[in-house]
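Here's the structure, in structure tokens; my notes come after.
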Amino acid sequence: MSVSILIQTLNEEQNLPGLLDSLEGFDDIVVLDSLSADGTRRIAEERGCRWFERAFDGRGPHQTWAMQNIDFKHRWVFYLDADERMTPELKAEIEAIANKWEQGSCDTSTDPAAYYCGRRNIFRGKWIKRAMPPGNIMRFFQPKHIRFERLANPTPIVDGKIGYLKNHFIHYNFSKGLREWFERHNRYSSYEAAENLRAFEANPVRFRNAFSTDRNTRRLELKNISFRMPFRPFIKFFYMYVIGRGFMDGRAGLTYCTLQAIYEYLIVLKVRELRHPELAEADRGVSREPAAAPSRRSTSGAAQEREGTP
222 MSVSILIQTL NEEQNLPGLL DSLEGFDDIV VLDSLSADGT RRIAEERGCR
272 WFERAFDGRG PHQTWAMQNI DFKHRWVFYL DADERMTPEL KAEIEAIANK
322 WEQGSCDTST DPAAYYCGRR NIFRGKWIKR AMPPGNIMRF FQPKHIRFER
372 LANPTPIVDG KIGYLKNHFI HYNFSKGLRE WFERHNRYSS YEAAENLRAF
422 EANPVRFRNA FSTDRNTRRL ELKNISFRMP FRPFIKFFYM YVIGRGFMDG
472 RAGLTYCTLQ AIYEYLIVLK VRELRHPELA EADRGVSREP AAAPSRRSTS
522 GAAQEREGTP
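Here you go:
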């Protein structure tokens, strides 16, 4: 396989073996770890992975660091999380693309330098393809032609053309249970709140982008517009469950759409707290009451003293 694999981990001894099993045939597997305290490193090194570690500082900065500091063996890199799995169909598709470049029949001026890929999200043992459709995530790229922005749900900045893969990888988003999902999304909501606040201040709405022929540009602008909408948790639930037909995924679809609405509400609450720090101060018992205005009598007395009046 003339493709390198990048895996990001944090305490993934439970998920990592399954992912590595799906990567048979790849000869350059790189693990970028965020200071795990379990057996993640032991598993990775026993399976022949190359190991790098650094403190996590957000998805975008973390991935950009990898692009700038890791010397991958191959021109092309496919990125996966430990709770994801490569499929034979996707493996064949990316191998065919990489082989064309190895044969010298491609060029970044005419051919994509990066590809978006969809994923099959598994919940309660089934693919929730309507409540959480595959979407497009930047996963296959040439490191020297890409960097990532945003602390959560990174936005790729690609120096060159982009393409879209036909096949999907598999995502076991709840592999560690609901408790870990809530803990993880509590962290993600803090990142998203910071990004939302930055978007309010720096990214004016450009409605024309919402009708762009490029689906990723269209998706990002619709997200930018949604930041400013009231009742966001309800709108997200309605969009996923009714318009997106999440109800056709049964009880798993209902549960997943509800969880996403809760996640959206966490973001809304944290944005409000960032914009109004007095709310957090009030919860600590700190009052921001304005200083009382001086009374008419004390003002008069001060004036008399300045004038030398006894």
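Quick note: the sequence shown uses my numbering, first residue 222, plus one each step.
Backbone N, C-alpha and C fix where the C-beta goes; we use that ideal spot for every residue, glycine too.
query	result
Which residue marks the beginning of the beta strand (DSSP E) containing Phe-390, and which one marks its end?	383-392
By DSSP's criteria, Thr-230 is part of a beta bridge. Which residues make up the other side?	Asp-254
Please say whether Ile-228 and Arg-306 have beta carbons closer to each other than 7 Å?	no
Could you tell me the alpha carbon to alpha carbon distance between Lys-457 and Ala-420, rounded to whole angstroms?	19 Å
Measuring straight from C-alpha to C-alpha, what distance separates Asp-259 and Ser-433?	45 Å
Based on Cα-Cα distance, which residue from Ser-330, Asp-254, Asn-394 lies nearest to Asn-342?	Asn-394
On the criterion of 16 or more Cβ atoms from any shown chain inside 10 Å, does Thr-261 qualify as buried, or is it exposed?	buried
I need the straight-line Cα distance from Ile-367 to Trp-272, nearest angstrom please.	22 Å
Does the segment 342-360 come within contact of the segment 455-470, defined as at least 3 CB pairs closer than 8 Å?	yes
Would Gly-474 be called buried (16 or more neighbouring beta carbons within 10 Å of its own) or exposed?	buried
Tell me the residue span of the alpha helix (DSSP H) that contains Pro-454.	453-459
Inspect the CB distances between the segment 322-340 and the segment 273-280 and report whether three or more fall short of 8 Å.	no
Helix, strand or coil for Met-359 per DSSP?	strand
Under 8 Å, with one C-beta from each stretch per pair, do the segment 398-414 and the segment 349-356 reach the 3-pair mark?	no
Counting only the same chain and skipping the five closest in sequence on each side, list residues whose C-beta sits under 7 Å from that of Arg-360.	Phe-299, Tyr-300, Cys-338
Beta-carbon within less than 6 Å of Arg-371's beta-carbon, same chain only, minus the 5 sequence neighbours each way: which residues are those?	Gly-281, Glu-416
Looking at C-alpha atoms only, which residue of Leu-244, Arg-340, Asn-290 is the closest neighbour of Lys-312?	Leu-244
Taking Cβ to Cβ, would you say Tyr-336 is nearer than 7 Å to Ala-373?	no
As a quick exercise: from Leu-490, Ile-315, His-406, pick the residue whose alpha carbon is nearest that of Ser-225.	Ile-315
Which residue or residues does DSSP assign as beta-bridge partners of Pro-377?	Phe-369
Determine the DSSP secondary structure at Lys-350, reduced to helix, strand or coil.	coil
What's the C-alpha gap between Ala-287 and Leu-231?	15 Å
Which stretch, first to last residue, makes up the alpha helix (DSSP H) that contains Arg-493?	471-496
Determine, using beta carbons only, whether Asp-254 and Glu-274 come nearer to each other than 7 Å.	yes
Quick test of your reading: Asp-380 and Ala-319, contact by CB under 8 Å. State the CB separation rounded to the nearest angstrom.	Not confirmed; about 19 Å, so no contact.
Quick one: grab the DSSP three-state call for Glu-316.	helix
Excluding five sequence neighbours on each side, which residues of the same chain lie with their C-beta closer than 8 Å to the C-beta of Ser-411?	Lys-491
Considering only DSSP beta bridges, list what Ser-225 is partnered with.	Val-298
Have a look at the DSSP bridge pairing and note the partners of Arg-262.	Arg-262 is not bridged to any residue.
Quick check: what's the CA-CA separation for Tyr-462 versus Ile-488?	20 Å
Tell whether a beta-carbon distance below 7 Å holds between Pro-364 and Gln-284.	no
Excluding the 5 residues preceding and the 5 following Thr-479 in the sequence, name in chain order all residues of the same chain whose CB lies nearer than 8 Å to its CB.	Phe-458
Is the CB-CB distance between Ile-291 and Val-252 below 7 Å?	no
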